[in-house]
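See structure below.
4 protein chains.
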Amino acid sequence: MNWRCDVQNFEPDVKISLTRVGVTNLKKLVRLKRTNKRPIILLSTFEVFVNLPSSQKGIHMSRNPEVIEGIIDEALELESYEMETICEEIVKRLFEKHEYATEAEVFMVSDFMTKEKSPISGKYSQEIHKIMGGAKGIKKDDEIELTKIVGAEVVGITACPCAQNLIKEICIKNLKEKGFSDEDIDKILDSVIFATHNQRGIGRIILEVPTGYDIEIMDIIEIIKKSMSAEIHGILKRADEAYVVEQSHKNPKFVEDCVREMAKRVVEKFKHLPDETKVLIRQINMESIHRHDAFAEKVATLGELRRELLSYE
Amino acid sequence: MNWRCDVQNFEPDVKISLTRVGVTNLKKLVRLKRTNKRPIILLSTFEVFVNLPSSQKGIHMSRNPEVIEGIIDEALELESYEMETICEEIVKRLFEKHEYATEAEVFMVSDFMTKEKSPISGKYSQEIHKIMGGAKGIKKDDEIELTKIVGAEVVGITACPCAQNLIKEICIKNLKEKGFSDEDIDKILDSVIFATHNQRGIGRIILEVPTGYDIEIMDIIEIIKKSMSAEIHGILKRADEAYVVEQSHKNPKFVEDCVREMAKRVVEKFKHLPDETKVLIRQINMESIHRHDAFAEKVATLGELRRELLSYE
Amino acid sequence: MNWRCDVQNFEPDVKISLTRVGVTNLKKLVRLKRTNKRPIILLSTFEVFVNLPSSQKGIHMSRNPEVIEGIIDEALELESYEMETICEEIVKRLFEKHEYATEAEVFMVSDFMTKEKSPISGKYSQEIHKIMGGAKGIKKDDEIELTKIVGAEVVGITACPCAQNLIKEICIKNLKEKGFSDEDIDKILDSVIFATHNQRGIGRIILEVPTGYDIEIMDIIEIIKKSMSAEIHGILKRADEAYVVEQSHKNPKFVEDCVREMAKRVVEKFKHLPDETKVLIRQINMESIHRHDAFAEKVATLGELRRELLSYE
Amino acid sequence: MNWRCDVQNFEPDVKISLTRVGVTNLKKLVRLKRTNKRPIILLSTFEVFVNLPSSQKGIHMSRNPEVIEGIIDEALELESYEMETICEEIVKRLFEKHEYATEAEVFMVSDFMTKEKSPISGKYSQEIHKIMGGAKGIKKDDEIELTKIVGAEVVGITACPCAQNLIKEICIKNLKEKGFSDEDIDKILDSVIFATHNQRGIGRIILEVPTGYDIEIMDIIEIIKKSMSAEIHGILKRADEAYVVEQSHKNPKFVEDCVREMAKRVVEKFKHLPDETKVLIRQINMESIHRHDAFAEKVATLGELRRELLSYE
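What follows is the structure in structure tokens.
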């Protein structure tokens with residue numbers, strides 16, 4: 523008669539190893555230290571996984587949250603400056619608590635507030651971006667090989683180059699009918715900002731690098747912002763609003779262009795990262811003329827990106 | 523020693539009547555008959571409620587889904603043409619099964635497909651809109667007073683009049699610098715379609731009327747579409763896309779304007795509905811220049827809307 | 523030829539007043555002061571509305587976010603201890619910026635972290651609850667009448683009394699077949715914790731009171747927790763887990779019971795609040811034996827609740 | 523002066539190939555033929571992608587929806603019996619319309635209704651499950667290599683074996699104190715169904731196979747249902763409810779166990795599928811004693827699964 527609870531150390535009836543066992547949708551308050559500044563407070567949602575060999579019935583599920591709780595509570599005391607560092611810490615402890623595990627992963631996502639200045643009026647306002655951090659660990663005979671993950675998701679505006687050209691054509695036709703000369707029309711084209719459909723665009727970059735390399739999250743956020751037709755802002759005085767519309771229409775971009783821009787800037791900015799760095803770049807545009815979204819994505823190593831760009835210079 | 527299960531007929535320890543008891547998030551496949559046409563198939567999410575007097579411990583929760591199941595299954599056989607009719611049926615049966623209840627409500631929401639023609643190329647494509655139906659019943663000494671609810675939510679495009687004026691100003695300045703005369707400029711303004719920010723807009727209208735009055739769901743969908751800057755379509759050939767952009771920019775609208783337009787059209791279209799008809803009109807624009815959404819709403823009786831409009835003619 | 527941008531002060535073509543105009547889905551970082559403690563940091567999502575008379579084309583949409591930005595930035599400097607206070611501040615400024623408005627509303631919702639102790643092991647862990655704050659203002663000849671809103675949403679566990687009785691019946695039948703006497707069976711019933719279905723339950727309480735009355739958010743959170751079958755915790759050592767299961771099964775509750783419990787405790791706890799206080803109490807159980815959710819709700823004034831409870835004593 | 527619109531055939535400024543370009547969040551009504559039965563109507567959400575060589579500025583975005591529209595409209599006329607077939611059709615046409623593309627992917631997800639019988643009362647009710655279909659194509663010198671994807675997500679109930687043992691221990695202690703003998707206790711343990719926490723569990727299986735192999739979606743749905751502690755149903759008469767609770771508590775399962783069960787059944791059921799078949803198996807339990815979810819996943823080829831299982835027999 524068995525009513526012991528360490529059921530989990532029992533052999534399972536079906537002996538199959540598992541790729542990933544853990545918890546998802548776990549919310550925690552995270553506090554990041556900053557030098558000479560208020561700490562950054564993040565309300566993060568965590569995912570935490572380990573792999574599970576076939577001989578093990580179940581991991582001690584209840585332990586995972588403990589581990590995280592413990593580490594986060596300690597991390598609040600630690601001089602930790604990055605979310606990835608916290609994730610790496612969690613990974614290390616996961617291996618301690620789950621001796622049998624050879625792989626561990628931790629991901630966290632949070633809203634992140636930055637103070638930004640509007641383009642013309644120069645008014646400061648809070649801007650909220652999404653940031654992702656994570657760490658992966660692989661254990662080979664007591665050696666833990668750590669990878670860290672840093673990413674962000676930023677909202678901006680994109681304007682469609684194709685529709686703008688169609689509108690231009692129509693206007694030129696109208697102007698000709700009104701008797702304007704080609705010379706005049708060229709002048710007008712230089713003076714006028716033509717309509718097109720524009721929309722809320724969401725850019726995302728995620729980098730995965732061996733531990734030890736530094737990645738400044740603000741660099742990623744900057745790259746995403748710069749790669750759309752224009753940046754958007756919480757506060758837009760009249761002059762700012764005009765500026766955003768003008769900029770986005772002078773800089774129209776397809777969903778694919780945004781991804782290419784991000785790729786180019788990633789290569790330029792992260793010279794210090796190794797070729798094996800994994801890069802995911804994604805743009806989703808909530809088309810204003812459609813119910814569906816437009817999507818473009820580039821998945822490659824930094825080395826591949828570098829070679830691709832070089833080959834076209 | 524009590525281990526009987528009709529616990530639910532027991533008196534609760536805390537004797538308080540409840541406003542609303544029931545189930546939410548209940549998905550059902552609904553089939554609406556049509557004359558000489560394929561039936562309409564809806565995958566609907568239901569909410570079903572009754573009120574509960576203080577003397578009753580719990581309603582027979584398990585019964586609600588039964589009731590709905592039963593009715594829907596039967597409704598599939600019935601010659602039922604409207605989702606509201608099904609909801610009214612459900613309300614009636616709720617009273618039969620919950621003798622003590624004096625109020626009952628049923629709401630359903632579904633995606634609804636219509637075949638629509640693109641403006642220029644005339645290509646037909648599926649358009650998916652959200653439709654809502656419902657029914658409320660109040661029981662007064664065995665008389666059931668029924669109200670029915672019909673509504674829809676439609677996606678379209680809205681362009682901002684304010685930003686467009688700002689852009690116009692800038693362009694006029696440029697044109698003057700290029701030496702164009704006021705007369706020329708007026709001609710140019712007539713020929714040119716100026717940029718502004720535009721976005722995915724979501725319009726919603728919900729009507730609540732005494733049972734017996736007919737409301738054609740397609741009328742509501744039409745009103746919402748017509749009240750934004752332009753309609754959008756699944757398939758947009760090049761000429762269609764140009765048309766949508768041109769129309770939306772020749773017809774710029776604030777989020778408030780969309781609501782006012784809808785209100786006006788509701789009054790014009792539903793002349794046959796009584797003054798006590800409850801009307802909810804809402805527009806949400808997913809601003810392309812902001813991370814937040816713009817919102818406008820009108821809640822009134824049809825009588826109030828009629829009087830308001832009259833008073834300004 | 524009009525290309526001025528204060529379009530918004532123009533008369534609209536359709537002259538209809540609007541119930542609610544503003545912004546939704548606006549995220550802001552909020553910092554609440556605490557005496558002798560670290561400030562509370564909230565990442566809040568705001569909804570901000572004013573009404574709009576028929577003569578006004580559009581409110582200066584871009585101003586709303588400004589107002590909020592400004593106030594929040596200032597609130598960070600202010601000695602503000604409650605989210606409602608911030609909302610009241612916002613309402614006041616909305617009236618300043620929108621002279622024509624006679625009604626203004628602000629709502630904010632945030633995740634809120636509390637440190638809580640597990641029942642047996644006494645281990646502290648972070649618990650994340652949802653909190654809501656808000657304020658409404660009505661302007662009558664330059665007098666602003668303020669209402670404040672405070673609420674919370676807490677997750678717990680609920681166990682079904684009905685199914686537990688059914689299981690009890692089955693077990694008693696088995697025990698009788700095994701030859702146990704009624705006397706033995708009574709002893710066994712006292713010793714055994716019978717199975718039933720239990721599930722994640724979500725309780726919500728929202729109070730709306732005239733300004734000036736104090737409401738401690740922790741009181742609301744406590745009431746919701748106490749009104750389900752048992753509280754849940756981030757960290758559950760083995761003994762804690764057993765305790766939570768035992769408690770919830772010794773304290774089974776229908777979705778309706780949770781609402782009644784909350785109602786009773788609200789009346790007991792908030793003796794200092796006036797009869798006109800508006801109360802919304804809601805429980806949603808994510809049934810483990812169904813795909814749909816069970817729902818119960820009480821909407822009443824505190825006065826009505828008080829009278830209802832009294833009438834049954 | 524360029525105002526031509528086939529901008530998209532222009533060379534981009536940044537020359538980088540893209541992994542994936544297309545549309546997401548595209549809703550369509552799909553009609554599947556059945557022999558001697560009403561057709562199955564699905565309201566599906568599509569994702570459609572092609573890859574994009576570096577020389578191509580943008581794909582003709584507007585074409586993707588056209589392609590899908592066209593194909594679906596035709597598919598409605600075609601004798602098509604499976605969603606995968608439709609996806610394969612779409613993939614083929616994507617290559618026709620995007621000559622340059624060497625890879626294409628289509629995914630669709632829908633709610634899917636089945637009529638099921640409750641365990642005891644035998645009452646039929648609608649059950650709604652999620653089904654996924656898809657197709658991938660790789661073009662090598664005009665040869666298109668097709669893979670098809672079939673999957674489902676089903677909701678059920680899972681009961682925790684660990685907590686149940688803890689409760690058992692407590693009850694046994696109580697019984698001993700009441701003076702029951704070990705022999706009696708064994709009898710009681712055989713007669714009693716002990717409490718534990720149970721919850722809504724969501725199982726998912728996705729298979730990816732070379733085109734031509736048949737996969738019956740109902741087989742996948744059956745496997746997921748059978749692999750949790752018990753199946754759930756829309757209609758549960760009293761006897762059914764007792765049955766579901768009893769079964770789930772006599773068959774407690776960790777989140778990992780559900781995945782292992784599914785893996786075993788997949789191997790047993792799909793003997794006709796090749797070793798290279800890709801298999802994703804996932805279980806998520808919405809823990810009733812926690813705010814977070816428990817997660818387990820197996821990602822492997824069918825060949826690997828077969829070998830793993832064999833090695834333990």
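Residue numbers (this note's numbering), protein chains in the order written: chain R, 523 to 835; chain L, 523 to 835; chain P, 523 to 835; chain V, 523 to 835. In this text, a Cβ means the ideal position worked out from N, Cα and C, and glycines have one as well.
The beta carbon of Lys-555(R) does not come within 8 Å of any beta carbon belonging to chain P, so the residue lies off that interface.
Lys-662(P) and Tyr-622(P) have their C-alpha atoms roughly 12 Å apart. Minimum Cα-Cα distance from Lys-820(V) among the listed residues Glu-738(V), Ala-764(V), Asn-696(V), Arg-726(V) corresponds to Arg-726(V). Within chain R, no C-beta atom comes less than 9 Å from the C-beta of Ile-653(L); the nearest is roughly 15 Å away. At a cut-off of 8 Å, the C-beta of Asp-815(P) has no neighbouring C-beta in chain R.
Taking a contact as a CB-CB distance under 8 Å, the pair Ile-538(P) and Glu-830(L) counts as one, their CB atoms being some 5 Å apart. Interface residue (Cβ-Cβ distance to chain V less than 8 Å): Glu-783(R) is classified as such. Cβ atoms of Pro-774(R) and Thr-718(R) come within 8 Å of each other, at about 6 Å. Less than 8 Å separates the beta-carbon of Val-552(L) from that of Ile-608(L). For Ile-689(R), the enclosing alpha helix (DSSP H) has its first and last residue at 683-699. In this structure, the straight-line span from the alpha carbon of Lys-639(R) to that of Lys-786(R) is close to 25 Å.
Proximity to Leu-758(R) across Glu-675(R), Glu-649(R), Gly-825(R), Asp-664(R) peaks at Glu-649(R), based on C-alpha coordinates. Excluding its 5 nearest sequence neighbours in each direction, Gly-659(R) has C-beta neighbours in its own chain below 6 Å: Val-613, Ala-626, Ile-666, Leu-668, listed in chain order. Secondary structure of Thr-823(P) (DSSP, three-state): strand. Contact with chain V is absent for Gln-721(L), since none of that chain's Cβ atoms lies less than 8 Å from the residue's Cβ.
For Cys-693(P), the closest C-alpha among the options Val-714(V), Ala-674(V), Lys-747(V), Ile-692(V) is that of Val-714(V).
Taking each of Thr-680(P), Glu-744(P), Lys-793(P), Glu-604(P) in turn and checking the Cα distance to Gln-769(P), the smallest one comes out for Thr-680(P). Cβ atoms of Leu-564(L) and Ser-647(L) stay farther apart than 8 Å, at about 20 Å. The C-alpha of Glu-569(V) is placed about 21 Å away from the C-alpha of Ile-803(V).
Around the beta carbon of Asp-664(V), fewer than 16 other beta carbons sit within 10 angstroms, so the residue counts as exposed. At a cut-off of 8 Å between beta carbons, Gln-648(V) contacts chain L.
From the listed residues Gly-673(V), Asn-547(V), Ser-576(V), Tyr-603(V), the smallest Cα separation to Asn-558(V) is found for Tyr-603(V). Cys-609(L) is outside the set of residues whose beta carbon lies under 8 Å from a beta carbon in chain R.
Neighbours of Leu-551(V) in chain L, taken as residues at a C-beta separation under 7 Å, are given in chain order as Met-635, Gln-648.
By the neighbour-count definition (other C-beta atoms within 10 Å, threshold 16), Gly-673(L) is a buried residue. Residue pairing of Asn-807(L) in beta bridges, as defined by DSSP: Gly-723(L), Ala-816(L). Per DSSP, Arg-560(P) is not a residue of any beta strand (DSSP E), being assigned neither H nor E. Around the beta-carbon of Arg-782(L), 16 or more other beta-carbon atoms lie within 10 Å, marking it buried.
Residue pairing by DSSP places His-794(V) in no beta bridge whatsoever.
If you ignore the 5 residues before and after Asp-741(V), its C-beta comes within less than 8 Å of the C-beta of Lys-791, Phe-792, all in its own chain and listed in chain order. DSSP links Lys-549(L) through a beta bridge to Thr-567(L).
For Val-545(V), the chain R residues whose Cβ falls inside 9 Å of its Cβ are Glu-809, His-812, His-814, Asp-815, Ala-816, Phe-817, in order along the chain. Contact note: Leu-565(V) reaches chain L through Leu-565, Asp-633, using a C-beta cutoff of 7 Å and chain order. Taking the CA atoms as reference points, Ile-671(V) sits about 10 Å from Met-630(V). Following the DSSP letters along the chain, one finds Val-613(V) inside the alpha helix (DSSP H) bounded by residues 605-619.
Where Ala-717(V) is concerned, there is no enclosing beta strand (DSSP E), because DSSP gives it neither an H nor an E.
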